[in-house]
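Each residue of the sequence shown is one higher than the one before, starting from 0 at the first, in numbering that gives the first Met the number 0. Don't be surprised by glycine CBs; every beta carbon is placed ideally from N, CA and C. Heads up, the thing below is written out as structure tokens.
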Amino acid sequence: MFTEFTDFEVKITDAPFRTSGGMTWPGTVRIVYSDPEGEKTLEEDYGYAPAEAIYHLISEGKEINLSECYIERFSLTEYRALRNLEAKSYVRLEAFSARRAFFNCRARIDFSFAEFSGESVDFESTVFARGLVSFNSARFADCSLNMSYVLFRNGNIDFANCQFGSGLISFKNSKFHSGTKDFRYTGFGNGDVLFVNTDFGDGDVSFINASFGQGTVSFKVTRFGQGKVDFHYAKFGGGEINFERTDFGPGKVDFRMAEFNESRINFNRSSFGNGEVTFEGSELKSGKFLFKKATVGEGMFSFEQVIYPEAEVYLDGTDFGKGTISFQKARIKHLSLRSCQMNDYVDLRMEEAGLVDLSDTVIRDIIDLTPYETPVAI
Numbered sequence: 000m001f002t003e004f005t006d007f008e009v010k011i012t013d014a015p016f017r018t019s020g021g022m023t024w025p026g027t028v029r030i031v032y033s034d035p036e037g038e039k040t041l042e043e044d045y046g047y048a049p050a051e052a053i054y055h056l057i058s059e060g061k062e063i064n065l066s067e068c069y070i071e072r073f074s075l076t077e078y079r080a081l082r083n084l085e086a087k088s089y090v091r092l093e094a095f096s097a098r099r100a101f102f103n104c105r106a107r108i109d110f111s112f113a114e115f116s117g118e119s120v121d122f123e124s125t126v127f128a129r130g131l132v133s134f135n136s137a138r139f140a141d142c143s144l145n146m147s148y149v150l151f152r153n154g155n156i157d158f159a160n161c162q163f164g165s166g167l168i169s170f171k172n173s174k175f176h177s178g179t180k181d182f183r184y185t186g187f188g189n190g191d192v193l194f195v196n197t198d199f200g201d202g203d204v205s206f207i208n209a210s211f212g213q214g215t216v217s218f219k220v221t222r223f224g225q226g227k228v229d230f231h232y233a234k235f236g237g238g239e240i241n242f243e244r245t246d247f248g249p250g251k252v253d254f255r256m257a258e259f260n261e262s263r264i265n266f267n268r269s270s271f272g273n274g275e276v277t278f279e280g281s282e283l284k285s286g287k288f289l290f291k292k293a294t295v296g297e298g299m300f301s302f303e304q305v306i307y308p309e310a311e312v313y314l315d316g317t318d319f320g321k322g323t324i325s326f327q328k329a330r331i332k333h334l335s336l337r338s339c340q341m342n343d344y345v346d347l348r349m350e351e352a353g354l355v356d357l358s359d360t361v362i363r364d365i366i367d368l369t370p371y372e373t374p375v376a377i
């Protein structure tokens, strides 16, 4: 399934459409895709799934299979209003699947306060062509969520306050256009969380106060565009955390006060633009923090007041660009800065360190080692 196009044309007929899963829909929708020159590049057929038919399946408590369907209206807010339900009452969706579907909604694509059941929720290779996508406050129990290879043409995405259990969560190889991506206060549960090779596009991406469980959390080779990347107050349960070769874009990257528990954290070969990069006040009880051969731009790089009393931090071979570097009042068991390039002021007035290794590092400005107000234990 392709994941990008410039424009599309919709043609609806009364011919019944039978999906590969055996569902029959009352109409057929042909989507004609085109490139920037207006040339047709591909044609795809979908089953026409009217909102009323979908809402009927929900009311009857039946399995909802919208795979290979064209949906031009889906709103649980509208559904509640039609059924005289409370505005924030949860709506149960049985065994929901919309694999290779096409959502073309003028208003919001609204899954807010949905309660999913079954083993999995599947949106793989689906296109959200128009409309803000909202899963705000949705509950997934122990369902896995497959959002792999999905295209969000409206990049305003709301996954705030969602609750997951032990299922796998995957946005692998998905692409977001410009807009705000909101994952604030979401509980990702104990399953693996994969944003591998995801393209977030331009716009702020927020995981403020999000919590991750014991599973692997991977943003490996992910790309962020213009905007802030914010993990402020995020909590990690102790599984592997992988940002290897991630491109964080030109904006601020904020891990202030994040709790990494006892994780192994990998930022090796990641790249940062000219925005500030901060881990100020973050906590890693034990484990390893790998930041080798990364590239940092002109913004400040801050490990101020981090609490890593039994952790090892390796920033070997990193080019810190032209920004200030600060470890002021940091507590780190082992800090390795071997073979680094430091071109601006370096504040190493740490509160506590078992070992600081600056072997083969080039420092082209002032390096401050002695605190003025408090003793240091090195």
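One alpha carbon belongs to Ile63, the other to Ala209, and they sit about 29 Å apart.
For a cut-off of 8 Å, the C-beta gap from Arg183 to Gln162 is around 13 Å, too long to register as a contact.
Pairing Arg91 with Glu77, the inter-Cα distance amounts to about 15 Å. A direct Cα-Cα distance of roughly 11 Å separates Val31 from Thr5. With fewer than 16 other Cβ atoms inside 10 Å of its own Cβ, His55 counts as exposed. At a Cβ-Cβ threshold of 8 Å, Gly190 and Gly226 do not count as neighbours. Restricted to the region 34–112, the alpha helix (DSSP H) segments that are unbroken, complete and at least 4 residues in length are 50–59, 75–81, listed in chain order. When the alpha-carbon of Lys251 is set against those of Ser217, Val276, Glu71, the nearest one is in Val276. Residue nearest to Ser133 within the set Phe102, Arg255, Lys292, Thr18 is Phe102 (criterion: CA-CA distance). From the listed residues Ala100, Arg99, Ala106, Ala94, the smallest Cα separation to Ser116 is found for Ala94.
With a 10 Å radius around the Cβ and a threshold of 16 neighbouring Cβ atoms, Asp198 comes out buried. In chain order, Phe302, Val305, Met349 place their CB closer than 6 Å to the CB of Ala329, counting only its own chain and leaving out the 5 sequence neighbours on each side. Membership of Glu309 in the beta strand (DSSP E) is indicated by the continuous run 306–313.
Here Ser205 is not near Ser169, since their CB atoms are 8 Å or more apart.
Under DSSP, the beta-bridge partners assigned to Ala352 are Ile331. Comparing C-alpha distances from Phe187 to each of Phe230, Ser33, Glu297, Gly214 shows the shortest one belongs to Gly214. Residue state for Glu303 is assigned as coil, using DSSP reduced to three classes.
In chain order, Leu283, Ile331 place their CB closer than 6 Å to the CB of Tyr307, counting only its own chain and leaving out the 5 sequence neighbours on each side.
Counting only residues of its own chain and dropping the five nearest sequence neighbours on each side, Phe278 has a CB closer than 8 Å to the CB of Phe254, Arg255, Ala257, Ser301, Phe302, Val305.
Taking Arg152 as reference, the option from Asn160, Ala159, Gly178 with the minimal CA-CA separation is Gly178. Taking a contact as a CB-CB distance under 8 Å, the pair Cys68 and Ala48 counts as one, their CB atoms being some 4 Å apart. Beta-bridge partners assigned by DSSP to Thr12: Thr27.
DSSP places Met146 outside both helix and strand once states are collapsed to three, so it counts as coil. Met341 carries a strand assignment under DSSP once its states are collapsed to helix, strand and coil. When Asp44, Glu239, Arg129 are compared, the shortest CA-CA separation from Leu289 is found for Glu239.
Leaving aside the five residues that flank Leu368 on each side, the residues in its chain whose CB is nearer than 6 Å to its CB run, in chain order, Leu347.
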